[in-house]
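Numbering (my numbering), first residue to last: 132 to 332.
Worksheet for the structure shown next.
See below:
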């Protein structure tokens, strides 16, 4: 039953927790943009895939990371600034968790787009179809993997910034951001390979 599905429940929990934190932080543009994206894509899906997609269907709820990543443009507009010394960036110091969340969302998405581009140019035919099927599983059909990877990325960024660099978790260096995208890409490749093995069975 869909309501008992681990991926569905994890997607609901992910959306509920971070939408609540965003709303409580007063970042209402990010909050409402994410909600509007969900509603818009649900309505569009009714026209494109009637009976399969829509506000009364579970499918649009499997990709909260998509809505929250696009909506986070308002976080970067309003709460993301170059540090005064020019060495890195400063997110909202009052809500470091949301800064880590927004940055990890973008890092994960950039890594995913990069992998998709590599797959498109490096593979063809049946192999390409199977790899894209595994990537679709990672992003939308079994998003619990995506959420786990994102939380690992957030934890690593926090430990690196606070434990190694002795800096506040709301500050980000250029090399840290680049390494974050690389780490996200490596983790996604590993999980995609695992999902590809499942598909090939």
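Glycine included, every Cβ here is placed at the ideal spot set by N, Cα and C.
Contact annotation: the segment 161-180 does not touch the segment 235-252, with fewer than three C-beta pairs closer than 8 Å. In the DSSP assignment, residue 138 falls within the unbroken alpha helix (DSSP H) covering 137-155. Taken through DSSP and simplified to helix, strand or coil, residue 298 comes out as coil. Rounded to whole angstroms, the separation of the alpha carbons of residue 278 and residue 312 is 15 Å. Residue 229 and residue 201 have their C-alpha atoms some 14 Å from each other. Between the segment 213-233 and the segment 286-306 there are three or more C-beta pairs closer than 8 Å, enough to call the two in contact. Sequence-distant partners of residue 142 (beyond 5 residues in either direction) whose C-beta falls short of 6 Å from its own C-beta, in its chain, are 192, 193, 195 and 274. Contact between residue 315 and residue 238 is confirmed by a C-beta separation of about 5 Å, below the 8 Å threshold.
For the set 146, 308, 149 and 262, the Cα lying nearest the Cα of residue 321 is the one of 262.
Residue 253 and residue 247 have their C-alpha atoms some 10 Å from each other. Assignment of residue 218 by DSSP, reduced to helix, strand and coil, places it in the coil class.
In the three-state scheme derived from DSSP, where H, G and I count as helix and E and B as strand, residue 303 is classed as strand. A check of alpha carbon separations from residue 232 across 146, 259 and 164 identifies 146 as the nearest.
Within the same chain, 299 and 300 come within 8 Å of residue 293 by CB-CB distance, once the 5 residues on both sides are set aside. Within the segment 217-270, not a single complete beta strand (DSSP E) segment reaches 3 residues in length. Taking every protein chain shown into account, the CB of residue 151 has fewer than 16 other CB atoms within 10 angstroms, so this residue is exposed.
Beta bridge pairing from DSSP links residue 213 with 220.
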